[in-house]
Amino acid sequence: TIATDSRRMVTANVADVDIGNVKLGDPVDFTVNSYPGTNFSGKVTSLPLLGAAGTANPTYAVQVTVDGSGRRLLPGMIANLTIITAQAGNVPVVPNTAIQTTAAGTFVNTLEPGNRIRRVHVQTGISDASSTQILAGLS
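Per the working numbering, residue 33 is the first one in the sequence shown, and the count goes up by one each step.
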């Protein structure tokens with residue numbers, strides 16, 4: 033939700049399972065429904081001490097200060113945020129749906145010559161909602 037004073041602020045309700053990865057200064061990208069196709073940015077400027085009580089899945093109200101381009105934002109607008117807690121460039125990634133985890137380890141299937149499928153053990157790194165970095169196992 034957008035709030036305002038002399039600078040624009042966004043309050044993001046971060047899930048209990050994600051709050052441990054969020055740090056002060058983390059960059060944030062977000063959109064608002066009022067401006068389709070327009071991206072805004074900011075950074076995390078305040079972390080809460082307590083989560084919202086009384087729910088099975090607590091959330092934490094993280095404050096984000098909007099970068100200078102946010103003057104069009106009005107109080108009460110709903111924002112959809114991505115808090116960037118880690119980044120890696122020029123690394124192999126696979127869709128999360130391609131990763132298989134069993135008691136024997138983590139694997140992906142690769143297509144070999146002759147259209148043969150081979151199961152390859154991999155070591156994974158950082159991930160987001162759609163992709164996971166592969167640290168070892170794929171060349």
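Glycine residues also receive a C-beta, built at the ideal position from the N, C-alpha and C atoms.
Can you say whether residue i is buried or exposed, counting buried as having 16 or more other CB atoms within 10 angstroms of its CB?
i: L82; result: exposed
i: Y67; result: exposed
i: G74; result: buried
i: T164; result: buried
i: I115; result: buried
i: L172; result: What the structure shows of the chain is the stretch from 33 to 171, and residue 172 is not part of that stretch, so it cannot be assessed.
i: V123; result: exposed
i: R40; result: buried
i: A111; result: buried
Report yes if the CB atom of residue i is closer than 7 angstroms to the CB atom of residue j, and no otherwise.
i: P90; j: D48; result: yes
i: P80; j: A93; result: yes
i: V76; j: D50; result: no
i: A118; j: I158; result: yes
i: V42; j: V54; result: no
i: V154; j: T138; result: yes
i: M109; j: V64; result: yes
i: A44; j: L143; result: no
What distance in whole Å lies between the Cβ atoms of residue j and residue i, which are believed to be in contact at a cut-off of 8 angstroms?
i: N141; j: R150; result: 7 angstroms
i: S171; j: P127; result: About 18 angstroms; that fails the 8 angstroms criterion.
Could you please give me the residues that DSSP links to residue i through a beta bridge?
i: S162; result: The partner list for S162 (beta bridge, DSSP) is empty, contrary to what the question assumes.
i: V178; result: The structure shown has nothing for residue 178, since the chain only spans 33 to 171.
i: A168; result: Q155
**Report entry** Complete runs of the alpha helix (DSSP H) confined to the stretch 48-133 [at least 4 residues]
**Finding:** none
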